[in-house]
Amino acid sequence: MKISHIEHIGIAVKSIEDSLPYYEKLLGLKCYNIETVEDQKVRTAFLKVGDVKLELLEPTSPDSSIAKFIEKHGEGMHHLAYCVEDGVVNALDEAEQAGIQLIDKAPRAGAEHLHIAFLHPKTTKGILTELCEH
Ligand code: ZN
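Counting from 5, one number per residue, gives the positions in the sequence shown under the working numbering.
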């Protein structure tokens with residue numbers, strides 16, 4: 005794979021409104037976008053830290069995977085997203101051939117007009133890994 009940079013770090017939160025004061029007032033970061041991703045049942049808030057973004061993920065339904073994650077682990081770091089230069093389709097191919105368990109067999113639409121796909125943490129050394137391209 006050809007990874008250019010870390011696109012963002014996903015953080016599961018119970019409430020974006022309750023979380024933003026910490027990031028904005030204390031850390032001095034700026035939230036520049038909030039959007040809902042219907043098919044993932046999440047509301048996302050983006051903040052910039054240099055070239056990297058933080059993606060706060062708030063569940064919009066109790067059966068959202070983020071709701072289940074919070075139930076199990078509490079709030080906290082949820083996933084790491086890498087930007088792949090040679091495309092998500094190629095990266096998924098390569099991962100599958102290497103025996104990585106794919107959560108998404110094909111790229112789907114994520115927040116911020118990204119094409120994204122997830123790799124299962126069981127096969128990625130414990131990190132839920134998102135591959136994305138613009
Ligand atoms: Zn993400």
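The beta-carbon is built from N, C-alpha and C at its ideal position, and this holds for glycine as well. Quick caveat, the model's predicted, so the values are computed rather than measured.
Buried versus exposed call for Q105 [16 or more other C-beta atoms within 10 Å across all chains shown] | exposed
In terms of residue numbering, what span does the alpha helix (DSSP H) encompassing E21 cover?
-> 20-25
Outcome for T133 when other beta-carbon atoms lying within 10 angstroms are tallied against a minimum of 16 = buried
Any non-hydrogen atom of the ligand GDP closer than 7 Å to P111 Cβ = By its list of ligands, the structure shown excludes the ligand GDP, since it contains just the ligand ZN.
Simplified DSSP state of H117, which is helix, strand or coil = helix
Taking contact to mean at least 3 C-beta pairs separated by less than 8 Å, is the stretch 76-86 in contact with the stretch 6-26?
-> yes
Out of E100, I13, V17, D55, point me to the one whose CA is closest to K76's CA.
-> V17
With DSSP as the reference, label T70 as helix, strand or coil.
-> The amino acid at residue 70 is misidentified as Thr; the sequence shows Ile. Reduced to three states, the DSSP call for I70 is helix.
Beta-ladder partner(s) of K34, from DSSP = DSSP lists no partner for K34.
Using the beta-carbon count (16 or more within 10 Å), is T40 buried or exposed?
-> exposed
Per DSSP, what kind of secondary structure is K109 in: helix, strand or coil?
-> coil
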